[in-house]
Every structure is written in structure tokens, then in C-alpha cells.
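S.K.:
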Amino acid sequence: MSIPRQLAVCAFSVLISASAWALDVNSATEAQLDSVKGLGPSSTGRILQAREAGPFKDWADFMARVKGIKGPAASKLSAEGLTVNGAPFNTKGTSP
């Protein structure tokens, strides 16, 4: 297999694994949220309770509605694969 073909296969594999790794907070189950490093039963409960009022619009909405989730925690959760409406956290707290 040629080098360009190997690189293409590698890049494709990374894209597939990255999308399979992401977990959207609006559709995740309790068990899925509990599996995210940095979330425990109490924070998962707060997320699910806040989500009952409707889906989170973006990271700013998520942080405003879930007690204990602010910039540093949101950044860590995003690094662990958590998304809001498919978007990772950025420093402005909104979708990119």
C-alpha cells in the first residue's frame, strides 16, 4: 500500500473513531453520562433534571442551567467527548 493511501486510511479511521467517541448531552442516557470522566451520579442527575425543561441550545445554556458546570469543567467534559448539539466546548462557551 502506498504512503498516501496509508495516510488516507489513517485519517478516515480517526474521523470514524472521533465521531463514535462524541456523546451529545441532549440525547445521552443516564448511564452514558455517568460513563464520562468528570461526571458522577449527582452531576448526571442535575443534567437530566435541567434537560427536562428542554434541550440545551449551546454550551452557554448548558453551563447556565446545570449547577457546578462552568468553563473549566465544561472544557474537561468536552475533552472527554461531551458535546452540546454536536459542538465541542470553546473558550467563549458557545458553539464554534
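Residue 91 is where the sequence shown starts when you use my numbering, and the numbers rise one by one after that. Note that beta-carbon positions come from the ideal geometry of N, C-alpha and C, so glycine has one too. None of these values were measured; they are calculated from a predicted model.
Mapping the DSSP letters down to three states, classify leucine 129 as helix, strand or coil.
M.R.: Working through the sequence shown from its first residue, we reach residue 129 at position 39. Coil, per DSSP.
S.K.: What number of angstroms, rounded off, separates the C-alpha of serine 103 from the C-alpha of glutamate 142?
M.R.: Indexing the sequence shown from 1 puts residue 103 at position 13. Indexing the sequence shown from 1 puts residue 142 at position 52. Only weak support is given to the placement of serine 103: the predicted model assigns it a pLDDT of 45, under 50, and the question is left unresolved by the model.
S.K.: Among Pro145, Ile137, Leu167 and Thr173, which residue has its Cα nearest to the Cα of lysine 157?
M.R.: Looking up residue 157 in the sequence shown gives position 67. Comparing Cα positions, the closest option is Ile137.
S.K.: Buried or exposed for serine 133, please, with buried defined as at least 16 other CB atoms from any protein chain shown within 10 angstroms of its CB.
M.R.: Looking up residue 133 in the sequence shown gives position 43. The residue is buried, with at least 16 neighbouring Cβ atoms inside 10 Å.
S.K.: Ignore the nearest five residues each way along the sequence and tell me which others in alanine 164's own chain have a CB closer than 8 angstroms to its CB.
M.R.: Residue numbering aside, residue 164 sits at position 74 when the sequence shown is read from its first letter. Excluding positions up to five away in sequence, the list reads Trp149, Phe152, Met153, Phe179 and Gly183.
S.K.: Taking threonine 128 as the reference, give the member of Thr119, Lys160, Ser92 and Glu170 with the closest Cα.
M.R.: The residue labelled residue 128 in the question sits at position 38 within the sequence shown. Rather than threonine, the amino acid found at residue 128 in this sequence is glycine. Out of Thr119, Lys160, Ser92 and Glu170, Glu170 has the C-alpha closest to the C-alpha of glycine 128.
S.K.: Ignore the nearest five residues each way along the sequence and tell me which others in asparagine 116's own chain have a CB closer than 8 angstroms to its CB.
M.R.: Translated into the one-based positions of the sequence shown, residue 116 becomes position 26. Correct list, in chain order: Arg141, Pro145, Phe146, Val174 and Asn175.
S.K.: Would you mind reading off the limits of the alpha helix (DSSP H) that contains lysine 166?
M.R.: For this step, residue 166 is matched to residue 76 along the sequence shown. Element bounds for lysine 166: 161 to 169.
S.K.: Looking at alanine 112 and leucine 172, is the spacing between their C-beta atoms short of 9 angstroms?
M.R.: Here residue 172 refers to the residue found at position 82 when the sequence shown is read from its first residue. Here residue 112 refers to the residue found at position 22 when the sequence shown is read from its first residue. Yes, Cβ-Cβ distance for leucine 172 and alanine 112 is below 9 angstroms.
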